[in-house]
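**Student:** Provided herewith is a single structure, encoded as structure tokens, for subsequent inquiry.
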Amino acid sequence: MPSILIVEKLGEIKSTVLKTWNESELYKKAGLKSSEGFKCYTTWSIEIDDAKYNISLYGKTAGRANQENKYEFPPPVDKHLFFGSCVLVNKSEQGEFNDLSVKEWEDIYEILYGGFEDLGSDSGDDDSDDDDDECRGMKRTKDGYVKDGFVVDGDDDEGGDDDEGGDDDEGGDDDEDEAPKYKKRQKTKPAGSSKIKTIFELKTIDHEENYLDCASELSEESYIE
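According to the UniProt record's numbering, the residues represented by the sequence shown are 1 to 225, in order.
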């Protein structure tokens with residue numbers, strides 16, 4: 001009596017014994033009341049340590065809400081959404097059922113997904129190797145830093161500070177001996193400003209003359225009365 005695997009909707013896998021082989025009765029092993037929509041969706045053929053496996057997946061892709069199977073199956077059914085429990089069986093090329101344990105399925109599962117390698121650590125090692133290759137043959141400072149235009153030698157830093165300090169001191173003496181000289185900047189008159197001033201002066205004179213004329217006329221009239 002071969003053993004098969006039941007993949008429950010919460011993702012747990014348990015093993016059960018198949019007493020009699022009847023493909024049309026597999027839905028009962030999944031705990032379903034009807035065989036409607038329950039069928040084989042894919043078969044993975046793989047060989048491990050000279051042992052050949054043909055794992056067939058039975059299930060259904062229609063069902064009620066909250067009955068979705070949360071287990072992640074390998075390609076080509078990794079995008080399928082199954083409902084309720086699914087069944088995994090191992091069939092030979094002659095159509096006979098063979099045993100399938102949870103451990104065997106876990107090994108097959110890992111191979112079907114291409115293995116679970118730590119790609120991050122490998123890439124980090126490759127990057128460090130590339131950096132080492134690039135740094136070889138480059139000039140270094142006495143502290144071991146690479147002179148790549150960004151790291152400056154410690155001696156150069158100290159010398160640079162001394163030079164800068166000396167320049168500041170000399171500049172300070174020059175400032176004390178000689179007073180700063182400033183060149184007076186001449187202001188330029190905008191074109192046409194004199195003409196505008198003349199016009200305003202003429203208008204002012206006209207107002208004064210008019211005012212005097214009016215005053216004289218009033219004084220003469222009052223005198224006549």
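Just so you know, even glycine gets a beta-carbon here, dropped at the ideal spot from N, CA and C.
When burial is assigned at 16 or more other CB atoms within 10 Å of the CB, is residue 14 buried or exposed?
**Tutor:** exposed
**Student:** Kindly identify the DSSP beta-bridge partner or partners of residue 58.
**Tutor:** 40, 87
**Student:** Take every Cβ of the stretch 38 to 46, pair it with every Cβ of the stretch 76 to 95, and state whether three or more of those distances are shorter than 8 Å.
**Tutor:** yes
**Student:** Can the beta-carbon of residue 16 be found less than 8 Å from the beta-carbon of residue 3?
**Tutor:** yes
**Student:** Put residue 3 into one of helix, strand or coil per three-state DSSP.
**Tutor:** strand
**Student:** Does DSSP put residue 53 in a helix, a strand or coil?
**Tutor:** Here residue 53 sits in strand by DSSP.
**Student:** Under the three-state reduction of DSSP, which class applies to residue 12: helix, strand or coil?
**Tutor:** coil
**Student:** Quick check on residue 228: buried or exposed, where buried means 16 or more other Cβ atoms within 10 Å of its Cβ?
**Tutor:** Here the chain comprises residues numbered 1 to 225, so residue 228 is not present and cannot be evaluated.
**Student:** Straight-line CA distance for residue 11 to residue 94?
**Tutor:** Distance between the alpha carbons of residue 11 and residue 94 is about 30 Å.
**Student:** From the DSSP secondary-structure annotation, give me the bridge partner or partners of residue 98.
**Tutor:** 90
**Student:** If distances are taken between C-alpha atoms only, which option among 42, 65, 64 comes closest to residue 112?
**Tutor:** Closest in alpha carbon position to residue 112, among 42, 65, 64, is 42.
**Student:** If you check the beta carbons only, do residue 55 and residue 100 fall under 8 Å apart?
**Tutor:** Yes.
**Student:** Just verifying my parser: in three-state terms, what is the DSSP assignment at residue 68?
**Tutor:** Here residue 68 sits in strand by DSSP.
**Student:** Going by other Cβ atoms of all chains shown within 10 Å of its Cβ, with 16 needed for buried, is residue 69 buried or exposed?
**Tutor:** buried
**Student:** Is it buried or exposed, residue 51, if we count other Cβ atoms within 10 angstroms and call 16 or more buried?
**Tutor:** exposed
**Student:** Look up residue 17 in the DSSP assignment and give the residues it is bridged to.
**Tutor:** 3
**Student:** Answer yes or no: do residue 90 and residue 53 have a C-beta to C-beta separation smaller than 8 Å?
**Tutor:** Contact flag set, yes.
**Student:** Looking at the strands, I want to know which residues DSSP matches up with residue 47.
**Tutor:** 52, per the DSSP bridge assignment.
**Student:** Thinking residue 88 and residue 32 are a contact (beta carbons under 8 Å), I'd like their distance in whole angstroms, please.
**Tutor:** Rounded, the Cβ-Cβ distance is 15 Å, inconsistent with contact.
**Student:** What's the C-alpha gap between residue 61 and residue 30?
**Tutor:** So the two alpha carbons sit approximately 13 Å from each other.
**Student:** What residues in its chain sit with their C-beta under 8 Å from that of residue 123, if we drop five residues either side in the sequence?
**Tutor:** Model confidence at residue 123 stands at a pLDDT of 48, short of 50, so the residue's coordinates are unreliable; what they give is reported in the following sentence. Same-chain partners within the cutoff: there are none.
**Student:** Please state the DSSP three-state secondary structure of residue 103.
**Tutor:** helix
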